[in-house]
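A.B. asks: Below is one structure. I have some questions about it.
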Amino acid sequence: MLATMNPAPRRRRMTLVLGAVGVTALLAAALPELTAAGAAVTAATSPATVQIDNFAFTPATLTVTAGTTVIWKNDDDSPHRIGDKNGTFKSAALDTDDTFSHTFAAPGEYPYICTIHPYMAGKIIVKPAGKTSSN
Ligand SMILES: [Cu+2]
C-alpha cells in the first residue's frame, strides 16, 4: 500500500529541487560576487600580483590557473626589467611604482629573471583552468 503512495510525493520533491537549482543559477548570474568562491564559477580568475622589493620577487614562485593576468609591481628604488627565460614575455625597465602585466593563457612553467639583475629569479607556474583545488 505504501508503495503505491510513494511516486507522487517523490515527483513533487524532484520538482522542488529543480526549482531550487534554477533559482540558484539565476542568483549566480545576477550576483557573481557572491558565488565567486563557489565551485560553479570555474572561469573566474583574478589578477595575481608579484611584488618587486629589495631586489627580490615576492612570491618567488607564483601558481595561477590558465587565463590569469599576473601583474609585477616595482616597489624598489631601483629599476627592474622582467624577462622570462623562454622569451614569452619581457617588460620595459620598471621604475619605482611601475607595473608590468602578462596574461598566461597556456599551462606550463615560466621561469624569469630581472634582466638588469640576473640573480633576481622568479617563476610562474600555470595550471590548466578548471583544475582548482576547491573542486
Ligand atoms: Cu632588477
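Quick note on our numbering: the sequence shown kicks off at 38 and runs consecutively. Yeah, the Cβ is synthetic: ideal placement off N, Cα and C, and Gly gets one too. Nothing here was measured: the structure is a model prediction, and the numbers come from that model.
Just to confirm my understanding: we take A93, look at its own chain, exclude 5 residues before and 5 after, and list those with CB closer than 8 Å. What are they?
C.D. replies: By 1-based counting over the sequence shown, the position of residue 93 is 56. Once the five neighbours on either side are set aside, the close Cβ partners of A93 are M157.
A.B. asks: How about G167 and T102: do their beta carbons lie closer than 9 Å?
C.D. replies: To locate residue 167, count along the sequence shown from 1; it is residue 130. To locate residue 102, count along the sequence shown from 1; it is residue 65. Yes, they are a contact pair.
A.B. asks: Pull up the distance between the alpha-carbon of K164 and that of T100, whole angstroms please.
C.D. replies: On the sequence shown, position 127 is the one that residue 164 refers to. On the sequence shown, position 63 is the one that residue 100 refers to. If you take the alpha carbons of K164 and T100, they lie about 7 Å apart.
A.B. asks: Can you tell me whether T105 is helix, strand or coil according to DSSP?
C.D. replies: The residue given as residue 105 occupies position 68 in the sequence shown. T105 falls in the strand class under three-state DSSP.
A.B. asks: Considering only C-alpha positions, which residue in the set A85, P116 and D112 is nearest to P155?
C.D. replies: Your numbering for residue 155 matches position 118 in the sequence shown. Among A85, P116 and D112, the Cα nearest to that of P155 belongs to P116.
A.B. asks: Does DSSP classify P148 as helix, strand or coil?
C.D. replies: Numbered from its first residue, the sequence shown carries residue 148 at position 111. DSSP places P148 in strand when its eight states are reduced to three.
A.B. asks: Who are the near neighbours of V60 in its chain, counting only those whose CB is closer than 7 Å to its CB and skipping five residues on each side?
C.D. replies: Translated into positions along the sequence shown, residue 60 becomes position 23. Residue confidence is low: V60 scores 42 on pLDDT, short of 50, so the model does not pin down where it sits. No coordinate-derived value is stated.
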